[in-house]
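Below: one structure, written as structure tokens.
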Amino acid sequence: MIILASVYLQAAAPNNSYLAQADNLLKKALELSPTRQELYFYIGQVRMYQGRTEEALASFKRAVDLNDKVGISHWNYGIIAIGVGQKDLGENEIKIAVSIDHPFKLADIKQLINAYTRTNDWPKIISLYQEWIKQTPNDAAAYAGLASVYAQTGEKQKAKDMALQAAVADSSYKDQAEQFVKELGK
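Mapped onto full-length UniProt numbering, the consecutive letters of the sequence shown carry residue numbers 1 to 186.
Laid out in structure tokens, this is it:
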């Protein structure tokens, strides 16, 4: 039941008709296994897709309450909290997750960038892109992303520098980088 609900949830992103099916399956699964943390993650995702952010937060919080020794529960709760503007709560949950057992990987940096982008926390996003570059200095996507953020914040020269660095890291970015620099002007 959980696997099918997960499939419906993944399909819901491009097609909302699957959202109700995922929701119904998750409700049934919850009746059978009310203490399974994974269910609350999926229910929280459904609530986010539905725009019911308070219920989503409550669902992720419930997963933490079921077993607060599981890092991924704190991580998921933290990501959602940051994404809905509860930065202090979210950052605290992220710290707890990392201190328990959640490794801080490149995928996590990308997830945090997405969460902070929803709240336009540009300084935090910049620092995350810088960490990404530090971890993978030849990743052109990191430089391109940072260039975009610098452009968004009005730091044109830094944006140009990062765009050109993306082209150095991967020559397939050259034309895009040159166009980006041209569009930024002086």
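All C-beta atoms, glycine included, are put in the ideal place defined by N, C-alpha and C. As the structure is a computational prediction, the values presented were derived from the model and not from experiment.
For residue i, three-class secondary structure by DSSP
i           : result
D65         : helix
K105        : coil
P123        : helix
E155        : coil
V46         : helix
T53         : helix
S33         : coil
V168        : helix
T136        : coil
Q111        : helix
N16         : coil
Y85         : Note that residue 85 corresponds to Gly in the displayed sequence, not to Tyr. Note: G85 maps to coil in three-state DSSP.
V70         : coil
residue 199 : Only positions 1 to 186 of the chain appear in the structure, and residue 199 is not among them; the question remains open.
Residues near residue i by beta carbon distance below 7 Å, same chain, minus five either side
i    : result
D23  : V46
Q37  : A63, L66, N67, V70 and S73
A142 : Y129, W132, I133 and T136
N138 : A169
L106 : W132, Q135 and T136
Nonlocal neighbours in the same chain, by C-beta distance under 6 Å from residue i, ignoring five residues either side
i   : result
T53 : V84
N76 : F41 and F60
Same chain only: Cβ atoms within 8 Å of residue i, ignoring 5 sequence neighbours per side
i    : result
Q152 : W122
G145 : I113, Y129 and W132
L91  : In the sequence on display, residue 91 carries Glu and not Leu. Contacts found: G78 and I82.
Q111 : I79
Selected residue, minimal CA-CA separation from residue i, among the options
i    : options                  : result
K156 : T35, T117 and L184       : L184
Y49  : G78, L32 and N16         : N16
V149 : I82, S127 and I79        : S127
A140 : K182, L106, L19 and S172 : S172
Closer than 8 Å to chain C by CB, residue i
i    : result
L146 : The chain inventory of the structure shown lacks chain C, comprising one protein chain alone.
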